[in-house]
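What follows is a short report on a single structure.
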Amino acid sequence: MRAVIYFCAVLHCWLSWLAVAASGIHLGYYRPNCQGTETIMKQQTKQTGIPRRTCILLALGLAVLAAILVWAIGGVGQQETPYTSTSVAMGTYVQQTIYGDQGEEAAAQAVQAISGLEDKISWRIEDSDVARLNEAAGSDWIQVDEETVSLLSLCLDVAEKSNGAFDPTILPLSALWDFGGDNQQLPSEEQIEEFRSYVNWQNLRIDTENQEASLKNRLNALDLGAAGKGAACDAAIDAYKQAGVNSAVVSVGGSVGLLGMPSGKNSWAVAVRDPLTALEDGQSTSLGTLSLQEGYLSTSGIYERYFEQDGVFYHHILDPKTGYPVENDLASVTVVCQNGALSDILSTACFVLGREEGAALLAEYGASGLFVTKDRHVYITPGLAESFTLEAQDYTVVTLEE
Ligand code: ADP
Ligand code: MG
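Okay, so the sequence shown: first residue is 850 according to the working numbering, each after it adds one.
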């Protein structure tokens, strides 16, 4: 079981690195030019036998010229080295890349903000808002933090609009399957039938005015695992803004937050992971690149947490209506929008709903996304089509209709 957890952590780390590495494409902009110049210089030295000092001067001159040319032609601003950091929260990796002088301080504040959020919304943390709500299910209303209330309201909104495909009260079922946990198992049909009956988003009630919430029945319980990492990106970006940062990228597991623009560029390049190579051989290769401005994106995929038993594949995104992992043609869904928590919630909701209903839900929220199928199609909403560049082989890109 440890191996499975470790494997998932490594996968997550890969995805995070992929995202950050992709944003780093901009940082590496000068590198090919420098190497190219160096190679040319070496050849010239050999062929012409010019004295060493002249060569160095020539190299310096060429480097300055190249820099001026790139500046002038490419419109590329000053490249600065960002502050980068890696930490762990919410059972996954947090990767930060921050431009500007306040990088280190802002990164520390973001780490604090994410950990503060986790202390409120994790059902695993004793005395968190969610743990207290679960504990008091069927009895009391519980006073919770503003941040918790607003996340719960967003969850309820999507639960309603997705007709329960996304259900924040999924804990009885998710804990029963326990993907990636010590009790991971294929439950019996009777167990699934029973636990399924405890899952119902309509039993979650929120009083926004008094900042209180409650669960109607004793066995109702919240699991915000499908919303937390996106919400963590919101918290990090807020922390950056407060610290006066205006250019940064943060990734928390499969969610990414983008603030401003990378130094000297007018868009971020974010790699989307190929869900099928991830599944086939645990590799992390890029499906393609999304060229994005400020905003958030989240991916939900069948490769994140899963197991096989008697030749059957079981993954961690559950259909609340059946109690079993969602069975459709999808391998992953990536959602792009202007709110981190919403992007995370919608990626799960769209995975459960499938391509057609999922795309309709995205339209309701003014969000866009791409649906990757097991038969190697990438269905992309019109708003995102222009931004996506396919890199993986054997995939067909289809733009969905408005
Ligand atoms: P990840 O946690 O890997 O980023 P998701 O954002 O898709 O992936 O969230 C999946 C997690 O959300 C599951 O591990 C489970 O805790 C919870 N979950 C699974 N199915 C649903 C569902 N239909 N609605 C809400 N939460 C779900
Ligand atoms: Mg999600």
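Note that CB positions come from ideal geometry on N, CA and C, so glycine has one too.
From a predicted model like this one, the values you see are computed outputs, not experimental measurements.
From residue i to residue j, what distance separates their C-alpha atoms?
{"i": "Y1047", "j": "T1018", "result": "8 angstroms"}
{"i": "S1192", "j": "W972", "result": "21 angstroms"}
{"i": "E1042", "j": "G1172", "result": "7 angstroms"}
{"i": "E1129", "j": "V1101", "result": "24 angstroms"}
{"i": "H1226", "j": "T1138", "result": "15 angstroms"}
{"i": "K1223", "j": "L1125", "result": "7 angstroms"}
{"i": "L1064", "j": "S977", "result": "15 angstroms"}
{"i": "Q1034", "j": "F1156", "result": "9 angstroms"}
{"i": "E1235", "j": "T946", "result": "25 angstroms"}
{"i": "V1105", "j": "R1045", "result": "31 angstroms"}
{"i": "G1215", "j": "S1116", "result": "20 angstroms"}
{"i": "T933", "j": "A1088", "result": "15 angstroms"}
{"i": "D989", "j": "E1058", "result": "17 angstroms"}
{"i": "N1188", "j": "A1127", "result": "27 angstroms"}
{"i": "G1113", "j": "R1122", "result": "25 angstroms"}
{"i": "V1099", "j": "E929", "result": "17 angstroms"}
{"i": "A1209", "j": "S1217", "result": "10 angstroms"}
Less than 8 angstroms between the beta carbons of residue i and residue j, yes or no?
{"i": "I1151", "j": "A1120", "result": "no"}
{"i": "S1135", "j": "E1206", "result": "no"}
{"i": "V1184", "j": "L1167", "result": "no"}
{"i": "G1077", "j": "L1107", "result": "no"}
{"i": "A1084", "j": "L966", "result": "yes"}
{"i": "G987", "j": "N1066", "result": "yes"}
{"i": "I1055", "j": "V998", "result": "yes"}
{"i": "I991", "j": "L982", "result": "yes"}
{"i": "D1072", "j": "S1023", "result": "yes"}
{"i": "I1229", "j": "A1081", "result": "no"}
{"i": "A1009", "j": "K969", "result": "Note on residue identity: the sequence assigns Glu, not Ala, to residue 1009. No. Outside cutoff."}
With DSSP as the reference, identify every bridge partner of residue i, one or two as the case may be.
{"i": "A1190", "result": "Beta-bridge pairing links A1190 to no other residue."}
{"i": "A1120", "result": "T1138"}
{"i": "D948", "result": "Reading off the sequence, residue 948 comes out as Tyr, not Asp. Partner(s): none; Y948 has no beta bridge."}
{"i": "E1157", "result": "F1162"}
{"i": "I1055", "result": "A1062"}
{"i": "Y1214", "result": "Y1214 pairs with nothing; no bridge assigned."}
{"i": "S1181", "result": "G1150, V1221"}
{"i": "S936", "result": "V943"}
Enumerate in chain order the residues of its own chain whose CB-to-CB distance from residue i is below 6 angstroms, with the five nearest sequence positions on each side excluded.
{"i": "V960", "result": "S936"}
{"i": "A1014", "result": "A1198, V1201, L1202"}
Taking Cβ positions only, does residue i come closer than 8 angstroms to chain C?
{"i": "L1071", "result": "The structure shown contains no chain C; it holds only a single protein chain."}
Can you name, in chain order, every residue of its own chain whose Cβ lies under 8 angstroms from the Cβ of residue i, other than the five neighbours on each side?
{"i": "A954", "result": "For the sequence presented, residue 954 should be read as Glu rather than Ala. Closer than 8 angstroms at the Cβ level, and outside the excluded window around E954, lie A1092."}
With a CB to CB cut of under 7 angstroms and the five nearest residues on each side skipped, what residues in its chain are close to residue i?
{"i": "Q1040", "result": "L1025"}
Exercise answer, beta-carbon shell around the ligand MG heavy atoms below 5 angstroms: Working through the chain, the matches are A1075, S1149, D1193, S1196, T1197.
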